[in-house]
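*Asks:* Just so you know, the protein sequences line up as chains A and B, in that order. Numbering follows the UniProt record's numbering, with no gaps: position 60 of the first sequence is 60. Numbering follows the UniProt record's numbering, with no gaps: position 285 of the second sequence is 285. Where a beta carbon is used, it is the ideal one built from N, C-alpha and C, also for glycine. If you're wondering where the values come from, they're calculated on a predicted model, not measured in any experiment.
2 protein chains.
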Amino acid sequence: MGLVVQKYGGSSVADAEGIKRVAKRIVDAKKNGHQVVVVVSAMGDTTDELIDLAGQVSPIPAGREFDMLLTAGERISMALLAMAIKNLGHEAQSFTGSQAGVITDSVHNKARIIDVTPGRIRTALDEGNIAIVAGFQGVSQDKKDITTLGRGGSDTTAVALAAALDAEVCEIYTDVDGVFTADPRVVKKARKIDWISFGDMLELASSGSKVLLHRCVEYARRYNIPIHVRSSFSGLQGTWVSNEPQGDRKVEQAIISGVAHDTSEAKVTVVGVPDKPGEAAAIFRAVADAEINLDMIVQNVSAASTGLTDISFTLPKSEGRKAIDALEKTKERVGFDSLRYDDQIAKISLVGAGMKTNPGVTATFFEALTDAGVNIELISTSEIRISVVTRAEDVNEAVRAVHTAFGLDSDSDEAVVYGGTGR
Amino acid sequence: MGLVVQKYGGSSVADAEGIKRVAKRIVDAKKNGHQVVVVVSAMGDTTDELIDLAGQVSPIPAGREFDMLLTAGERISMALLAMAIKNLGHEAQSFTGSQAGVITDSVHNKARIIDVTPGRIRTALDEGNIAIVAGFQGVSQDKKDITTLGRGGSDTTAVALAAALDAEVCEIYTDVDGVFTADPRVVKKARKIDWISFGDMLELASSGSKVLLHRCVEYARRYNIPIHVRSSFSGLQGTWVSNEPQGDRKVEQAIISGVAHDTSEAKVTVVGVPDKPGEAAAIFRAVADAEINLDMIVQNVSAASTGLTDISFTLPKSEGRKAIDALEKTKERVGFDSLRYDDQIAKISLVGAGMKTNPGVTATFFEALTDAGVNIELISTSEIRISVVTRAEDVNEAVRAVHTAFGLDSDSDEAVVYGGTGR
Chain A
1 MGLVVQKYGG
11 SSVADAEGIK
21 RVAKRIVDAK
31 KNGHQVVVVV
41 SAMGDTTDEL
51 IDLAGQVSPI
61 PAGREFDMLL
71 TAGERISMAL
81 LAMAIKNLGH
91 EAQSFTGSQA
101 GVITDSVHNK
111 ARIIDVTPGR
121 IRTALDEGNI
131 AIVAGFQGVS
141 QDKKDITTLG
151 RGGSDTTAVA
161 LAAALDAEVC
171 EIYTDVDGVF
181 TADPRVVKKA
191 RKIDWISFGD
201 MLELASSGSK
211 VLLHRCVEYA
221 RRYNIPIHVR
231 SSFSGLQGTW
241 VSNEPQGDRK
251 VEQAIISGVA
261 HDTSEAKVTV
271 VGVPDKPGEA
281 AAIFRAVADA
291 EINLDMIVQN
301 VSAASTGLTD
311 ISFTLPKSEG
321 RKAIDALEKT
331 KERVGFDSLR
341 YDDQIAKISL
351 VGAGMKTNPG
361 VTATFFEALT
371 DAGVNIELIS
381 TSEIRISVVT
391 RAEDVNEAVR
401 AVHTAFGLDS
411 DSDEAVVYGG
421 TGR
Chain B
1 MGLVVQKYGG
11 SSVADAEGIK
21 RVAKRIVDAK
31 KNGHQVVVVV
41 SAMGDTTDEL
51 IDLAGQVSPI
61 PAGREFDMLL
71 TAGERISMAL
81 LAMAIKNLGH
91 EAQSFTGSQA
101 GVITDSVHNK
111 ARIIDVTPGR
121 IRTALDEGNI
131 AIVAGFQGVS
141 QDKKDITTLG
151 RGGSDTTAVA
161 LAAALDAEVC
171 EIYTDVDGVF
181 TADPRVVKKA
191 RKIDWISFGD
201 MLELASSGSK
211 VLLHRCVEYA
221 RRYNIPIHVR
231 SSFSGLQGTW
241 VSNEPQGDRK
251 VEQAIISGVA
261 HDTSEAKVTV
271 VGVPDKPGEA
281 AAIFRAVADA
291 EINLDMIVQN
301 VSAASTGLTD
311 ISFTLPKSEG
321 RKAIDALEKT
331 KERVGFDSLR
341 YDDQIAKISL
351 VGAGMKTNPG
361 VTATFFEALT
371 DAGVNIELIS
381 TSEIRISVVT
391 RAEDVNEAVR
401 AVHTAFGLDS
411 DSDEAVVYGG
421 TGR
């Protein structure tokens with residue numbers, strides 16, 4: 001029995017009852033002989049309430065102070081969780097990110113972890129304690145200021161601690177049963193995935209699956225820390241994310257892991273760009289200088305008669321205004337005709353390492369969409385993913401059609417054999 | 001223009017509007033050329049809400065975790081205050097007790113400050129910042145755990161920082177105009193005291209005056225840091241507490257500084273104690289072993305016929321049960337008759353360094369109580385204080401009678417000349 005890191009999100013510790021329920025689960029792991037490190041998020045809506053308070057005193061809160069404010073949230077939940085565990089007769093100590101040795105850069109509100117020195121956690125464990133650690137926060141290496149890690153930060157804290165402590169698994173507890181072959185709210189027949197590789201999980205995460213964030217999975221893959229995503233409300237096995245299937249059973253890699261969709265993006269088209277070297281570069285430099293991350297990028301073949309081409313890309317809707325402003329400033333220099341902005345789009349992605357060696361996948365994907373009457377506007381592929389952009393209104397039908405076409409529906413006889421039972 | 005430390009209590013920063021109001025006041029001090037360090041308490045009822053949450057997860061919260069929890073309160077208020085100041089165009093940085101170098105012992109929930117190493121505060125000031133520091137909290141020297149300082153802790157933080165930074169004054173902002181000659185809720189004619197010595201303030205604080213706690217005044221006297229108690233809701237001068245009157249005017253020490261009362265105590269009488277050496281000691285050892293602080297102690301002259309005496313003392317009502325239990329256990333050994341417990345008492349104290357050299361004070365005090373028909377049950381005196389215990393129901397009348405008798409009423413022609421105008 002080794003060391004496990006467990007992470008509980010805000011919905012699992014939303015109130016005193018939730019905290020007591022989670023405390024019992026933690027104590028169970030300890031009773032099973034594990035050393036247990038728990039990473040906890042702020043309770044329920046605490047973070048939103050703190051953000052609201054900040055807005056009341058300052059329209060643009062300073063980054064350093066904003067981080068100081070937000071980190072109060074985990075401080076509350078972790079102290080209460082430690083109390084609840086001690087009330088069950090087990091020793092527990094809570095630690096801030098700083099005390100746990102989570103060292104970050106100085107980029108407030110979205111700091112990156114650059115080192116983890118969990119000496120105090122190790123000592124607490126060796127003394128028989130359950131260690132409770134504040135998620136989402138750290139301390140900057142140069143100024144010793146409190147930082148926060150941004151979206152999904154608590155998951156990243158958990159994986160980083162698991163890596164630094166050489167944990168046998170990082171359990172991410174959430175309010176769903178695991179990672180599904182598609183969003184169960186859209187596809188009723190979506191199935192829980194028992195095991196998925198880091199590579200496929202990364203593609204799903206960057207294609208709109210919300211259960212794990214890309215950043216956390218990437219960290220886990222780099223240090224080869226198995227992640228077990230599961231519900232804090234049930235005792236069920238969830239989804240294992242790792243290099244190899246867990247447990248004794250040797251299982252075959254699934255051809256297709258799942259279908260993800262994303263309606264948070266918009267499409268920008270730069271119309272009538274002179275097809276000369278350097279023009280596209282100038283456009284993307286302008287967008288990059290505005291610190292906007294693009295997703296899909298497609299350049300049409302230029303029309304021979306005009307020597308002009310169109311360049312389209314997708315980006316988060318929240319960045320749309322900034323991108324348009326940045327591009328307008330380059331219009332004279334680049335000499336394009338116009339800009340089109342379209343936020344009524346959806347992205348549908350098919351992910352699976354098996355598609356590398358199964359040439360029929362792309363054809364099946366497009367046929368399914370065609371049969372469903374869904375028009376494809378952009379296409380982008382990687383070795384283990386195909387993504388298309390469609391009209392937003394078609395997204396649910398498109399996801400269901402693709403899910404069925406690849407035999408992913410839970411009651412389908414054609415179901416691809418899925419990996420392992422976990423353990 | 002030197003360095004000032006300002007402390008704002010929870011009622012001054014109860015909501016976003018309060019925080020913005022306080023921010024303006026802080027910026028005014030900065031504009032006047034001061035270096036400004038601000039110590040802030042948790043917002044309004046935050047601490048009570050956190051205590052309530054703790055009670056929901058554990059009937060007896062662990063000290064270490066309880067401190068971790070409570071310190072979230074100041075974290076929120078200090079970050080918001082720093083944001084509000086920055087929003088007014090001035091630089092501000094917030095610091096936890098640990099970051100500010102407030103080093104304490106390891107007694108959770110009521111830690112004592114044992115050192116202050118404000119290196120980061122000094123740096124922040126030198127860089128032109130206003131430094132905002134979390135009151136009430138520190139970090140333990142041995143284990144580096146977060147501690148809280150107990151009741152009145154934020155005032156103590158402020159005075160300790162003022163001493164460590166060699167501030168010219170420690171301003172304690174509160175929701176009253178200063179220290180009064182009596183509780184204004186009881187004595188309508190009570191007057192604000194312009195200046196009071198550390199010694200008299202210490203006696204008032206230990207006699208029931210709530211504005212400053214004994215501990216904070218004692219710290220200020222030891223390091224000779226003038227305290228200015230004033231309202232955060234007005235621009236008025238408040239009460240200066242120092243060794244010597246502030247400002248240019250030489251003023252006379254008042255004979256009487258004020259009248260304090262306290263209804264939070266109870267009286268225990270041990271009846272029929274054998275009047276032999278060691279009996280009283282055994283009684284007080286039992287109480288001390290239960291970690292109960294006694295206040296007044298009176299031993300009656302023993303009756304020659306019986307060789308028995310009665311011993312009475314007062315103590316906080318909250319300690320009553322514990323004291324009775326401890327004493328019951330000694331009954332056999334000490335051989336006393338019985339215990340009496342009376343929580344319907346009040347203590348009335350007259351404080352003033354002038355009484356040392358004014359022999360009529362005691363007589364005037366007792367005459368005033370007699371004229372008001374108030375019966376005296378216990379008497380205890382120090383060089384600069386006389387305290388009596390009366391029935392609780394008589395307390396308001398007794399305080400008013402004494403206040404008037406010593407010419408303290410605000411419209412009285414006989415008013416004792418009071419010290420200074422502050423500045």
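#1: Using 10 angstroms around the beta-carbon of residue 426 of chain A, count the other beta-carbons present and answer buried if the total reaches 16, otherwise exposed.
#2: Of all the options A:Pro359, A:Gln141, A:Ile227, A:His228, which has the alpha carbon lying nearest to the alpha carbon of A:Ile256?
#3: Check this for me: beta carbons of B:Cys216 and B:Val139, under 8 Å apart or not?
#4: Within the 8 Å Cβ cut-off, does B:Val13 reach chain A?
#5: Counting contacts by CB-CB distance shorter than 8 Å, is B:Asn129 in contact with chain A?
#6: Can you list, in chain order, the residues of its chain whose CB lies under 6 Å from that of B:Val389, leaving out five sequence neighbours each side?
#7: Over what stretch of residues does the beta strand (DSSP E) that includes A:Asp342 continue unbroken?
#8: Just grab the DSSP bridge partners of B:Phe313 for me.
#9: Could you have a look at A:Val107 and say whether DSSP puts it in helix, strand or coil?
#10: For B:Ser305, I'd like the list of residues in its chain whose CB is within less than 6 Å of its CB, leaving aside the five on either flank, ordered along the chain.
#11: Do you know how far the Cα of A:Val402 is from the Cα of B:Lys143?
#12: Taking A:Ala398 and A:Ala363 to be in contact with their CB atoms under 8 Å, please state how far apart those CB atoms are, rounded to whole angstroms.
#13: In chain order, what residues of the same chain have a beta carbon less than 7 Å from the beta carbon of B:Lys30, not counting five sequence neighbours either side?
#14: Apart from the five residues just before and just after A:Val187, which ones in its own chain have a Cβ nearer than 7 Å to its Cβ?
#15: For B:Thr147, which option in B:Val107, B:Asp155, B:Asp166, B:Ala182 has the closest C-alpha, if you only look at C-alpha atoms?
#16: For B:Thr314, which residues from the same chain have a beta carbon less than 6 Å from its beta carbon, with the 5 sequence-adjacent residues on both sides left out?
#17: Can you list, in chain order, the residues of its chain with a C-beta nearer than 6 Å to that of A:Val361? Leave out the 5 residues immediately preceding and following it.
#18: Just how far apart, CA to CA, sit B:Gly365 and B:Asp200?
#19: What is the DSSP secondary structure of B:Glu171, reduced to helix, strand or coil?
#20: What do you get for B:Ile114, buried or exposed, if any count of 16 or more other CB atoms within 10 angstroms of its CB means buried?
#21: From A:Ala182 to B:Leu69, what does the alpha carbon distance come to, in whole angstroms?
#22: For B:Ala79, decide whether its Cβ has a neighbour in chain A, counting only Cβ atoms nearer than 8 Å.
#23: Looking only at C-alpha atoms, which of B:Gly150, B:Glu127, B:Gln93 sits nearest to B:Lys110?
#24: Would you kindly report the start and end of the unbroken alpha helix (DSSP H) that includes A:Leu369?
#25: Could you give the DSSP three-state label for B:Asp115: helix, strand or coil?
#26: Measure how close the beta-carbons of B:Ala23 and B:Leu125 come, nearest whole angstrom, since I'm counting them as under 8 Å.
#27: What in chain B is Cβ-close to A:Pro118, meaning under 9 Å?
#28: CB B:Glu291 to CB B:Val334, shorter than 8 Å?
#29: Count the other C-beta atoms from every protein chain shown that fall within 10 angstroms of the C-beta of B:Gly119, then say buried if there are 16 or more, exposed otherwise.
#30: Check whether the segment 230-245 of chain A and the segment 282-290 of chain A touch, using three or more Cβ-Cβ pairs below 8 Å as the test.
#31: Any Cβ of chain B within less than 8 Å of the Cβ of A:Ala111?
#32: Measuring CB to CB, does B:Ile40 end up less than 8 Å from B:Ala162?
#33: For A:Gln99, which option in A:Val179, A:Gln137, A:Ala82, A:Lys322 has the closest C-alpha, if you only look at C-alpha atoms?
#34: With a cut-off of 8 Å, do at least 3 Cβ pairs link the segment 10-20 of chain B to the segment 54-72 of chain A?
#35: Looking at B:Val273: is its Cβ nearer than 8 Å to the Cβ of B:Phe336?
#36: Can you pull the chain D residues whose beta carbon is under 8 Å from the beta carbon of A:Leu50, in chain order?
*Replies:* Put simply:
#1: Residue 426 of chain A is absent from the structure shown; chain A starts at 1 and stops at 423.
#2: As a working note, residue 256 of chain A is residue 256 in the first sequence. The residue with the shortest Cα to Cα distance from A:Ile256 is A:Pro359.
#3: Here residue 216 of chain B is taken as the residue at index 216 of the second sequence, counted from 1. Here residue 139 of chain B is taken as the residue at index 139 of the second sequence, counted from 1. Their beta carbons are not under 8 Å apart, which means B:Cys216 does not touch B:Val139 by this criterion.
#4: Sequence index remark: in the second sequence, residue 13 of chain B carries index 13 (1-based). Chain A contact via Cβ: absent.
#5: Taking the first residue of the second sequence as position 1, residue 129 of chain B is located at position 129. Not one chain A Cβ lies under 8 Å of B:Asn129.
#6: If you number the second sequence from 1, residue 389 of chain B lands on position 389. Once the five neighbours on either side are set aside, the close Cβ partners of B:Val389 are Ile345, Lys347, Glu377, Leu378.
#7: The count along the first sequence starts at 1 and reaches residue 342 of chain A at position 342. Here the beta strand (DSSP E) through A:Asp342 covers 338-342.
#8: The residue you call residue 313 of chain B lines up with position 313 of the second sequence. According to DSSP, B:Phe313 bridges with B:Val268, B:Ile297.
#9: Taking the first residue of the first sequence as position 1, residue 107 of chain A is located at position 107. Three-state result, A:Val107: coil.
#10: Numbered from 1 along the second sequence, position 305 holds the residue referred to as residue 305 of chain B. So the list is empty, once near-sequence residues are dropped.
#11: The residue you call residue 143 of chain B lines up with position 143 of the second sequence. The residue you call residue 402 of chain A lines up with position 402 of the first sequence. The alpha-carbon atoms of B:Lys143 and A:Val402 are separated by roughly 58 Å.
#12: Start at 1 with the first residue of the first sequence, and residue 398 of chain A comes out as number 398. Start at 1 with the first residue of the first sequence, and residue 363 of chain A comes out as number 363. The Cβ separation is near 16 Å, so there is no contact.
#13: Here the question's residue 30 of chain B lines up with position 30 in the second sequence. For B:Lys30, where only same-chain residues beyond five positions count, the Cβ hits under 7 Å are Val36, His90, Ile130.
#14: On the first sequence, residue 187 of chain A is found 187 positions in, with the first residue counted as 1. Counting only Cβ-Cβ distances below 7 Å, and skipping sequence neighbours, we find Val399, Arg400, His403.
#15: On the second sequence, position 147 is the one that residue 147 of chain B refers to. Nearest C-alpha to B:Thr147: B:Val107.
#16: Reading the second sequence from its first residue, position 314 is the one you call residue 314 of chain B. Same-chain partners within the cutoff: Glu265, Lys267, Asp295, Met296.
#17: Residue mapping note: residue 361 of chain A aligns to position 361 of the first sequence, counting from 1. Correct list, in chain order: Met355.
#18: What you label residue 365 of chain B is simply residue 365 of the second sequence in a count that begins at 1. What you label residue 200 of chain B is simply residue 200 of the second sequence in a count that begins at 1. Strictly speaking, residue 365 of chain B in this sequence is Phe, with Gly absent from that position. So the two alpha carbons sit approximately 17 Å from each other.
#19: Translated into positions along the second sequence, residue 171 of chain B becomes position 171. Three-state result, B:Glu171: strand.
#20: Position 114 of the second sequence, counted from the start, is the residue given in the question as residue 114 of chain B. By the neighbour-count rule (16 or more Cβ atoms within 10 Å), B:Ile114 is not buried but exposed.
#21: The sequence position of residue 182 of chain A within the first sequence is 182, counting from 1. The sequence position of residue 69 of chain B within the second sequence is 69, counting from 1. When rounded, the distance between both Cα atoms is 40 Å.
#22: Here residue 79 of chain B refers to the residue found at position 79 when the second sequence is read from its first residue. It does; some Cβ of chain A falls within 8 Å.
#23: As a position in the second sequence, residue 110 of chain B is number 110, starting the count at 1. The candidate whose alpha carbon is nearest that of B:Lys110 is B:Gly150.
#24: Taking the first residue of the first sequence as position 1, residue 369 of chain A is located at position 369. That run of the alpha helix (DSSP H) goes 361-371.
#25: Taking the first residue of the second sequence as position 1, residue 115 of chain B is located at position 115. Note: B:Asp115 maps to strand in three-state DSSP.
#26: Numbered from its first residue, the second sequence carries residue 23 of chain B at position 23. Numbered from its first residue, the second sequence carries residue 125 of chain B at position 125. The Cβ separation is near 17 Å, so there is no contact.
#27: Locating residue 118 of chain A in the first sequence gives position 118, counting from the first residue. Those do not exist, as A:Pro118 stays about 14 Å from chain B at its closest Cβ, beyond 9 Å.
#28: Along the second sequence, one-based indexing puts residue 291 of chain B at 291. Along the second sequence, one-based indexing puts residue 334 of chain B at 334. No; because the gap between Cβ atoms is not below 8 Å, this pair is not in contact.
#29: If you number the second sequence from 1, residue 119 of chain B lands on position 119. Label assigned to B:Gly119: exposed.
#30: no
#31: On the first sequence, position 111 is the one that residue 111 of chain A refers to. No, its Cβ sits nowhere closer than 8 Å to a Cβ of chain B.
#32: For the purposes of this step, residue 40 of chain B is taken as the residue at position 40 of the second sequence. For the purposes of this step, residue 162 of chain B is taken as the residue at position 162 of the second sequence. Sequence check: residue 40 of chain B is Val here, not Ile. Not in contact: B:Val40 and B:Ala162 (Cβ atoms no closer than 8 Å).
#33: Here residue 99 of chain A is taken as the residue at index 99 of the first sequence, counted from 1. When each option's Cα is compared against that of A:Gln99, the closest is A:Gln137.
#34: yes
#35: Along the second sequence, one-based indexing puts residue 273 of chain B at 273. Along the second sequence, one-based indexing puts residue 336 of chain B at 336. Contact: yes.
#36: This model lacks chain D altogether; the protein chains it does include are A and B.
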